[in-house]
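Numbering (this note's numbering), first residue to last: 0 to 619.
Glycine included, every Cβ here is placed at the ideal spot set by N, Cα and C.
Please read the structure below before turning to the comments.
This is the structure:
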């Protein structure tokens, strides 16, 4: 059995992999963690045993020594108190339905705790040989997850940095043909500037492969020099974009004016027809499209853009001389791809997928989630250049663990830097990790945490696929439970309405008083409910139902919420007057809510908690 498959995942029980709602698995946590600590201390004791201890028994008897220990104990008393008082119960099996936070995997917590004792710094191999190798292996795991046969990836501190890397790659590759023309004009002889700015990544890589001796000189003349940035064109992101894309365009020098927010449809997926119209209109004006961002798991809705249609559009336009880079922002949904890979890491044919799910016990009940559209969108990621992925979201790994994946390992040389005091140019990976990332020092403990998660749960249907399936099934239990639910409050009927059928595991919803046609009033009701179902008025420790919220407003979303708003009985005039709808949001990441019995127990408690909060609101 290879190290990648240390365990047999065929009989995995998800409930053994978390500390538990009530700390039920604390004995497992303590046993393994204590063993890891003991082994670390044994390592210290056995290293050069001829060396005398620097902390002597006499030192430990000093009054100041004990006073310092007592002070440290007091610090931890305060720390524990503050954590217990002000933290949110992500761990809850059925009380917390809010942010993208959840119970984290026990093997990742233990690995993080243990690896911190070694305090590896993964920027350079010489300071972290063990965890640097782990990060390299994790990066290859990411590439396999995306079906990148010659791909590469690494851990970043978060998705915002990964997104920044995505536009970094796009910027450098878009500008590379202009640099090639300066250095080796014969390689692009006869091409106009427009043709140069619409060359594909693969075309650029092939030229660079054929002229390795000129590579550094070409890189110096790309957009990294500051030249030609104004020629690169527009960076198109959907209205459902994460705010980090604006920051990334600002930081990388592309510029905020070059970012276009593409329309989304009423199901909050990028409108590909309008995308095509936008790109063609730009081309007619002689403006290139730098790249397009497809979102797989939008931050506010959890929806999946039609990546397959965006890829098909690129293929269509490429025949007309229009090419654009594609980055997939799968910070939230990236790990979802594991539910589509078989035990050999091959993408499962659609007609066989339900049989595979049944064989691997992915869902307790019938699969009501997967559509052909979602399937094809996840599959098409393999045709895109770069991907953002968050282990600390759907990887159930502690913060801070983002990640970025590139389709072709050769791409990394276009963004590389070499610092001689850290690593030697030409050295083998992972020694060169620091040359290809935005960060400097980075925690080896994070790599250990992600590595342990991937070795406990392989990134396919036999491992992480089960956890992803559990999350999705829990989301659909919540979705079916709340949609159309009614409450009687002082003779008024309050209805719950789901925003849209989930593409993944996010459930958005609103409350509205039956018969109400005042959109402002409905927004106020949902804002007030959030106050009671959050830290604002409801506190945390004693709050029996916790959720999150957001506003879908015209400046960000255009009129995409209009169909939903009209479906609730509001007029066009109401929408024009209010220009926003306040939404309550539940990221259903709980690894327990898939269980029919568990959900049945908590659903009644949730209903009672909602009733109580509504009564408090209407009593004001």
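Ordered along the chain, which non-local residues of its own chain (more than five positions away) have a Cβ less than 6 Å from that of residue 375? Translated into the one-based positions of the chain shown, residue 375 becomes position 376. 307.
For residue 495, the three-state DSSP class (helix, strand or coil): Indexing the chain shown from 1 puts residue 495 at position 496. In this structure, DSSP gives residue 495 an extended state, which the three-state scheme calls strand.
Contact with chain C by residue 332, beta-carbon distance below 8 Å: No chain C appears in the structure shown, which is made up of a single protein chain.
For residue 190, does the three-state DSSP call read helix, strand or coil? Sequence index remark: in the chain shown, residue 190 carries index 191 (1-based). Residue state, collapsed to three classes: coil.
Where does the unbroken alpha helix (DSSP H) through residue 42 begin, and where does it stop? Mapped onto the chain shown, residue 42 falls at position 43. Residue 42 -> alpha helix (DSSP H) spans 25-45.
DSSP three-state assignment for residue 182, whether helix, strand or coil: By one-based count along the chain shown, residue 182 stands at place 183. Assignment of residue 182 by DSSP, reduced to helix, strand and coil, places it in the helix class.
Would the segment 292-302 count as touching the segment 270-284 if we require 3 or more Cβ pairs under 8 Å? Judged by Cβ distances under 8 Å, the segment 292-302 makes no contact with the segment 270-284, as fewer than three pairs qualify.
Using a Cβ-Cβ cutoff of less than 7 Å, which residues in the same chain neighbour residue 567 once the five nearest sequence positions on both sides are dropped? Position 568 of the chain shown, counted from the start, is the residue given in the question as residue 567. For residue 567, where only same-chain residues beyond five positions count, the Cβ hits under 7 Å are 496 and 511.
Unbroken alpha helix (DSSP H) run spanning residue 84, endpoints: Within the chain shown, numbered from 1, the residue matching residue 84 stands at position 85. Per DSSP, the unbroken alpha helix (DSSP H) holding residue 84 starts and ends at 62-85.
Residue 151 - DSSP class collapsed to helix/strand/coil: One-based indexing of the chain shown puts residue 151 at position 152. Secondary structure of residue 151 (DSSP, three-state): strand.
Thinking C-alpha only, which one of 602, 103 and 451 is nearest residue 480? Translated into the one-based positions of the chain shown, residue 480 becomes position 481. Comparing Cα positions, the closest option is 602.
What's the call for residue 531, buried or exposed, on a 16-neighbour Cβ count within 10 Å? One-based indexing of the chain shown puts residue 531 at position 532. Residue 531 should be labelled buried.
Counting Cβ pairs closer than 8 Å, one from the segment 155-175 and one from the segment 233-248, do we hit at least three? Touching, per the Cβ criterion.
Residue 91 versus residue 538: straight-line alpha-carbon distance, rounded: Residue mapping note: residue 91 aligns to position 92 of the chain shown, counting from 1. Residue mapping note: residue 538 aligns to position 539 of the chain shown, counting from 1. Cα-Cα distance, rounded: 15 Å.
Starting from the Cα of residue 210, find the closest Cα among 73, 187, 398 and 357 and give me that residue. By 1-based counting over the chain shown, the position of residue 210 is 211. Taking each of 73, 187, 398 and 357 in turn and checking the Cα distance to residue 210, the smallest one comes out for 187.
For residue 294, name the three-state secondary structure that DSSP assigns. Along the chain shown, one-based indexing puts residue 294 at 295. The answer is strand: DSSP assigns residue 294 an E or B state.
Quick one, are the C-beta atoms of residue 332 and residue 352 less than 8 Å apart? By 1-based counting over the chain shown, the position of residue 332 is 333. By 1-based counting over the chain shown, the position of residue 352 is 353. Not in contact: residue 332 and residue 352 (Cβ atoms no closer than 8 Å).
Thinking just about the alpha-carbon of each residue, which of 176, 597 and 541 is nearest to the one in residue 201? Taking the first residue of the chain shown as 1, we reach residue 201 at position 202. Closest by alpha carbon: 176.
Could you check which residue in 37, 105 and 46 has the C-alpha nearest to that of residue 12? Taking the chain shown and counting its residues from 1, the one referred to as residue 12 is at position 13. Measuring C-alpha to C-alpha distances from residue 12 to each of 37, 105 and 46 identifies 105 as the nearest.
Figure out for me which residue from 253, 311, 472 and 405 has the closest Cα to the Cα of residue 360. The count along the chain shown starts at 1 and reaches residue 360 at position 361. Considering only 253, 311, 472 and 405, the residue with the shortest C-alpha distance to residue 360 is 472.
Quick one: what's got a C-beta closer than 7 Å to residue 428's C-beta in the same chain, skipping five residues either side? The sequence position of residue 428 within the chain shown is 429, counting from 1. Here residue 428 scores only 49 on pLDDT, less than 50, and its place in the model should not be relied on; the value that follows carries that caveat. 135, listed in sequence order.
Could you give the DSSP three-state label for residue 612: helix, strand or coil? For the purposes of this step, residue 612 is identified with residue 613 of the chain shown, where counting begins at 1. It is helical.
Alpha-carbon to alpha-carbon, residue 470 and residue 593: The count along the chain shown starts at 1 and reaches residue 593 at position 594. The count along the chain shown starts at 1 and reaches residue 470 at position 471. When rounded, the distance between both Cα atoms is 7 Å.
I need the DSSP call for residue 94, collapsed to helix, strand or coil. Translated into positions along the chain shown, residue 94 becomes position 95. If DSSP states are grouped into helix, strand and coil, residue 94 belongs with coil.
Contacts around residue 139, its chain only, beta-carbon distance under 6 Å, and the 5 residues preceding and following it disregarded: Here residue 139 refers to the residue found at position 140 of the chain shown. Cβ-Cβ distances below 6 Å link residue 139 to nothing in the same chain once the five nearest sequence neighbours on each side are left out.
For residue 97, which residues from the same chain have a beta carbon less than 6 Å from its beta carbon, with the 5 sequence-adjacent residues on both sides left out? The residue labelled residue 97 in the question sits at position 98 within the chain shown. Here residue 97 has 545, 546 and 547 as same chain residues with Cβ atoms under 6 Å from its own Cβ, once five neighbours each way along the sequence are excluded.
By a C-beta neighbour count over all protein chains shown, 10 Å radius and 16 as the cutoff for buried, is residue 505 buried or exposed? Indexing the chain shown from 1 puts residue 505 at position 506. With 16 or more Cβ atoms within 10 Å of its Cβ, residue 505 is classed as buried.
7 Å CB neighbourhood of residue 180 in its chain, flanking five on each side removed: Here residue 180 refers to the residue found at position 181 of the chain shown. Take residue 180, set aside five residues on each side of it, and the residues of its chain with a beta-carbon closer than 7 Å to its own are 187 and 195, in chain order.
Assuming the contact rule is C-beta atoms closer than 8 Å, residue 334 and residue 169 should be a hit. Round their C-beta distance to whole Å, please. Taking the first residue of the chain shown as position 1, residue 334 is located at position 335. Taking the first residue of the chain shown as position 1, residue 169 is located at position 170. Not quite, the Cβ-Cβ distance comes to about 23 Å (not below 8 Å), so this is no contact.
What is the rounded straight-line gap between the Cα of residue 216 and the Cα of residue 205? Here residue 216 refers to the residue found at position 217 when the chain shown is read from its first residue. Here residue 205 refers to the residue found at position 206 when the chain shown is read from its first residue. Inter-residue distance for residue 216 and residue 205 is about 16 Å (C-alpha atoms, whole angstroms).
Evaluate contact between the segment 568-576 and the segment 517-525, counting only Cβ atoms and requiring at least three cross-stretch pairs below 8 Å. Yes, the segment 568-576 touches the segment 517-525.
N-terminal and C-terminal residue of the beta strand (DSSP E) that residue 510 is part of: What you label residue 510 is simply residue 511 of the chain shown in a count that begins at 1. Residue 510: member of the beta strand (DSSP E) spanning 505-512, first to last residue.
Using DSSP with H/G/I as helix, E/B as strand and the rest coil, what is residue 588? Here the question's residue 588 lines up with position 589 in the chain shown. Residue state, collapsed to three classes: coil.
Since residue 407 sits in a beta bridge, which residues does DSSP pair it with? For the purposes of this step, residue 407 is taken as the residue at position 408 of the chain shown. In the DSSP secondary-structure assignment, residue 407 is bridged to 149.
Suppose only complete runs of 3+ residues qualify. What are the beta strand (DSSP E) ranges in the segment 542-594, listed by chain order? 545-552 and 579-586, all fully within the segment 542-594.
Rounded to a whole number of angstroms, what is the C-alpha to C-alpha distance between residue 314 and residue 387? Within the chain shown, numbered from 1, the residue matching residue 314 stands at position 315. Within the chain shown, numbered from 1, the residue matching residue 387 stands at position 388. So the two alpha carbons sit approximately 22 Å from each other.
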